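Asker:
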């Protein structure tokens, strides 16, 4: 919850789309205090979920169940493979259903429409990634920070320099190569001045 609150600090009048790692009743209430709404999938282990929304037996495929509070709307939707998808929204105030064949609720359609930013980012950073197989979660987070930061730097660079390599298709690869060299060059230069004698090694 703290991550979302920190990232939205100072914002007003926006809607935040979350996955089930972040979505919670408490987060929704905190964001509403800042005039920010939220839509997100919910883990079925959340204690605030009514048992009636979690039950999927004897339910019709593409059926929806809703639960409402003055500030929260919960939706349970049964997909065509009998998967029960639960979402929480502080943006929607009714149980509107689309006229599609799958009778998908408007809440889910809005969520799918806006979650694409994260999916697209994962796709583009996966093309050139520094990630490596590891069982250490701090290292995995560090790799992801580098990937996202380098892509953000590329987007900013292209915005400032729109004509840079405009006729090339591998602009990001070249940018990453130049970025990597620019980051390590000062360290290489500094190491040039490190004494190499045995005496200096003993001092170190």
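Residue numbers (my numbering): 6 to 209. Beta carbons: idealized from backbone N, C-alpha and C, even for Gly. From a predicted model like this one, the values you see are computed outputs, not experimental measurements.
Go through its chain and collect everything with a Cβ distance to residue 181's Cβ below 7 Å, but skip five positions before and after it.
Answerer: The answer, listed in chain order, is 133 and 155.
Asker: Consult DSSP for residue 26 and reduce its assignment to one of helix, strand or coil.
Answerer: Three-state DSSP puts residue 26 in coil, outside helix and strand.
Asker: Ignoring anything shorter than 3 residues, give me the beta strand (DSSP E) runs that lie fully in the segment 33-71, in order along the chain.
Answerer: Fully enclosed beta strand (DSSP E) runs of 3 or longer: 42-46.
Asker: Assuming residue 102 is part of the alpha helix (DSSP H), what are its boundary residues?
Answerer: Per DSSP, residue 102 belongs to no alpha helix (DSSP H) and is neither H nor E.
Asker: Using 8 Å for Cβ pairs, my map puts residue 110 next to residue 69. What's the rounded Cβ distance?
Answerer: Yes, they are in contact, since the Cβ atoms of residue 110 and residue 69 sit about 5 Å apart, within 8 Å.
Asker: So, with DSSP's three-state summary, where would you put residue 199?
Answerer: The answer is coil: DSSP assigns residue 199 none of H, G, I, E or B.
Asker: So, under 8 Å CB-CB, residue 79 and residue 58 are touching, yes? Tell me the CB distance rounded to an integer number of Å.
Answerer: Right, their Cβ atoms sit about 6 Å apart.
Asker: Using CA atoms only, rank isn't needed, just tell me which of 24, 41 and 196 is closest to residue 13.
Answerer: Answer by Cα proximity: 41.
Asker: First and last residue of the alpha helix (DSSP H) that includes residue 82?
Answerer: Per DSSP, residue 82 belongs to no alpha helix (DSSP H); it is in the beta strand (DSSP E), 78-83.
Asker: With a Cβ-Cβ cutoff of 8 Å, do residue 81 and residue 66 count as a contact?
Answerer: No, Cβ-Cβ distance for residue 81 and residue 66 is not below 8 Å.
Asker: Which residue comes first and which comes last in the alpha helix (DSSP H) that contains residue 117?
Answerer: That run of the alpha helix (DSSP H) goes 111-119.
Asker: Could you check the C-alpha separation between residue 99 and residue 114 for me, to the nearest Å?
Answerer: Rounded to whole angstroms, residue 99 to residue 114 spans 14 Å at the Cα level.
Asker: Applying the criterion that 16 or more other CB atoms from any shown protein chain within 10 Å of the CB defines a buried residue, is residue 168 buried or exposed?
Answerer: Its Cβ having fewer than 16 others within 10 Å, residue 168 is exposed.
Asker: So the candidates are 107, 137, 77 and 175; which of them puts its Cα closest to the Cα of residue 87?
Answerer: The candidate whose alpha carbon is nearest that of residue 87 is 107.
Asker: Classify residue 1 as buried or exposed, calling it buried when 16 or more other Cβ atoms lie within 10 Å of its own Cβ.
Answerer: Outside the shown range of the chain (6 to 209) lies residue 1, about which nothing can therefore be said.
Asker: Helix, strand or coil: which one does DSSP assign to residue 125?
Answerer: Helix.
Asker: Would you mind stating whether residue 20 and residue 45 have Cβ atoms separated by less than 8 Å?
Answerer: Cβ distance not < 8 Å, so residue 20 and residue 45 don't count as in contact.
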